[in-house]
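Note sheet for the following structure.
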């Protein structure tokens, strides 16, 4: 039994996201994982103290919320950590119900809506003086005069955002379409697939891709982190699967300018592209929760799950914000996805790399920097439990719902790309 530095106070983690369980468990905080599965791989971790069965969000958002409130009402639960794409919406919309029992650091609902709505995010970025690719609704575009990206206006569709959804209903839309000038686009088909009027963004040719992460307390930056994305889970883009920690003052300034303007509160993960023509760091999107590449920050010494606990419990003065630059890390399953994308994906905007070159780059970087998100010598069972799941294809929805240690909203379908 490891020593408890915070007595018996527990944190409720809303899915089996391994990095969060590992961080808080190592810091002596009792971890309670709420999952719709009895055999989630993270349940095998020596840092997981308790596994609680709850409905999945897909069983109904209100039902999911009610189940979490019931667990949060336990006297031992001190803090709730949002991990799923649905969590920011549920915790913000029903904040008073959760706050009656436990501490949760989440944005007010109107603030959340302003970043969930990517068209509104573009307007906010302009107000803050922050560069972002031109963003319009598809219905506002008569023809494509330059290379463009079509993607959801709302990544999460719910009744407060679009018509036709009741309190229990939601959908997560990740379809992304590359368009060249003169392409014949079937707009009705796109609207049917996306289930709402999506946005069109000008394609930005990337010099590099970056992630800026932050934890804010009522408008004040408590901690920030940056990494450069060397590979995504598709050669066309996607969430970072090989990244290295960096610090670029210009990126820090752009990231803070947007969040300061919003008077942000809680977690934020902002994806950036450095424009190959102008050198500007341009925002792609903002996710208001823990992010897929969180282990990259933790491997570098930026322990955001523990920072979150400290902010939630009124101890932000204990946050240590230094991290080691140049630290590289890998998400192994994502690296495999990257190689599969080189074989299967296609894009009119991004040149396909050679498979032999890509394979060499993946293998050599793993040998050079053997740091992994989900594989740890001091806690190997979750990784091997995951391999069993993959081998016999038990509840494959785990790989969509974050139960193997990552979060789905940051992932892109392997036949698409981001700007």
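Residue numbers (this note's numbering): 72 to 490.
Ideal Cβ positions, reconstructed from N, Cα and C, are used throughout, including at glycine.
Using 10 angstroms around the beta-carbon of residue i, count the other beta-carbons present and answer buried if the total reaches 16, otherwise exposed.
i, result
"residue 350", "exposed"
"residue 365", "buried"
"residue 455", "exposed"
"residue 427", "exposed"
"residue 417", "exposed"
"residue 111", "buried"
"residue 94", "buried"
"residue 388", "exposed"
"residue 414", "exposed"
"residue 335", "buried"
"residue 197", "exposed"
"residue 460", "buried"
"residue 337", "buried"
"residue 356", "buried"
"residue 374", "buried"
"residue 272", "buried"
"residue 289", "exposed"
"residue 362", "buried"
"residue 79", "exposed"
"residue 269", "buried"
"residue 276", "exposed"
"residue 360", "buried"
"residue 397", "exposed"
"residue 322", "buried"
"residue 434", "exposed"
"residue 240", "exposed"
"residue 318", "exposed"
"residue 87", "buried"
With DSSP run on the structure shown, which of helix, strand or coil describes residue i?
i, result
"residue 245", "coil"
"residue 204", "coil"
"residue 273", "strand"
"residue 106", "strand"
"residue 319", "coil"
"residue 259", "helix"
"residue 80", "coil"
"residue 313", "strand"
"residue 305", "strand"
"residue 88", "coil"
"residue 467", "Low local confidence applies: a pLDDT of 39 at residue 467 is under 50, so the model's placement there is unreliable, and no value is given."
"residue 485", "Residue confidence is low: residue 485 scores 30 on pLDDT, short of 50, so the model does not pin down where it sits. Its coordinate-derived value is still stated next. Coil, per DSSP."
"residue 292", "strand"
"residue 199", "coil"
"residue 190", "helix"
Rounded to the nearest angstrom, how far is the Cβ of residue i from that of residue j, given a contact under 8 Å?
i, j, result
"residue 439", "residue 370", "Between residue 370 and residue 439 the Cβ distance is about 14 Å, and since that is not below 8 Å, they are no contact."
"residue 324", "residue 330", "Incorrect: roughly 11 Å between the Cβ atoms, too far for contact."
"residue 281", "residue 298", "7 Å"
"residue 118", "residue 346", "No, residue 118 and residue 346 are not in contact; Cβ-Cβ is about 41 Å, not under 8 Å."
"residue 219", "residue 250", "5 Å"
"residue 223", "residue 244", "4 Å"
"residue 165", "residue 136", "5 Å"
"residue 84", "residue 127", "Rounded, the Cβ-Cβ distance is 15 Å, inconsistent with contact."
"residue 91", "residue 154", "6 Å"
"residue 89", "residue 129", "21 Å between Cβ atoms; not a contact."
"residue 46", "residue 344", "Given that the chain is displayed from residue 72 to residue 490, the structure contains no residue 46 and the question cannot be resolved."
"residue 102", "residue 82", "6 Å"
"residue 421", "residue 307", "5 Å"
"residue 150", "residue 383", "5 Å"
Should the region 205-212 be regarded as contacting the region 230-237, the criterion being three or more beta carbon pairs within less than 8 Å? Contact fails: fewer than three Cβ-Cβ distances are below 8 Å.
For the region 288-305 against the region 401-408, are there 3 or more C-beta pairs whose distance is under 8 Å? Pairwise C-beta distances place the region 288-305 in contact with the region 401-408, as three or more of them are shorter than 8 Å.
Between the region 309-325 and the region 250-266, can you find at least three pairs of beta-carbon atoms closer than 8 Å? They do not touch, by the three-pair rule.
Output the residue ranges of the alpha helix (DSSP H) runs that lie fully inside the region 207-242 and measure 4 residues or longer, sorted by chain position. Entirely contained in the region 207-242, not one alpha helix (DSSP H) run reaches 4 residues.
Every unbroken beta strand (DSSP E) inside the region 330-382 [3 residues or more]: The region 330-382 contains these whole beta strand (DSSP E) runs: 337-346 and 352-358.
Write down every uninterrupted run of the alpha helix (DSSP H) in the region 380-461 whose length is 4 residues or greater and which is fully enclosed by it, in chain order. Listed in chain order, the complete alpha helix (DSSP H) runs (minimum 4 residues) inside the region 380-461 are 403-415 and 426-439.
Would you say the region 429-447 touches the region 385-405, given that touching needs at least three Cβ pairs under 8 Å? Between the region 429-447 and the region 385-405, the count of C-beta pairs closer than 8 Å reaches three or more; the two stretches touch.
Pick out the complete alpha helix (DSSP H) segments inside the region 117-188, 4 residues or longer, and give them in chain order. Restricted to the region 117-188, the alpha helix (DSSP H) segments that are unbroken, complete and at least 4 residues in length are 132-143, 156-164, 166-170 and 180-187, listed in chain order.
If we count Cβ pairs, one from each stretch, closer than 8 Å, do we get three or more for the region 385-397 versus the region 103-119? With a cut-off of 8 Å, the region 103-119 and the region 385-397 do not count as touching, because too few Cβ pairs lie within range.
Pairs of beta-carbons, one from the region 164-176 and one from the region 130-146, closer than 8 Å: are there three or more? At 8 Å Cβ cutoff, the stretches touch.
Across the region 187-203 and the region 120-130, are there enough close Cβ pairs to call them in contact, namely three or more that are closer than 8 Å? Short answer: they don't touch.
Check whether the region 285-301 touches the region 378-388, counting contact only when three or more Cβ pairs, one atom from each stretch, lie closer than 8 Å. As far as the Cβ criterion goes, the region 285-301 touches the region 378-388, which means the pair count is three or higher.
Contact the region 193-205 vs the region 245-256: 3+ CB pairs below 8 Å: When C-beta atoms of the region 193-205 are compared with those of the region 245-256, fewer than three pairs fall below 8 Å, so the two segments do not count as touching.
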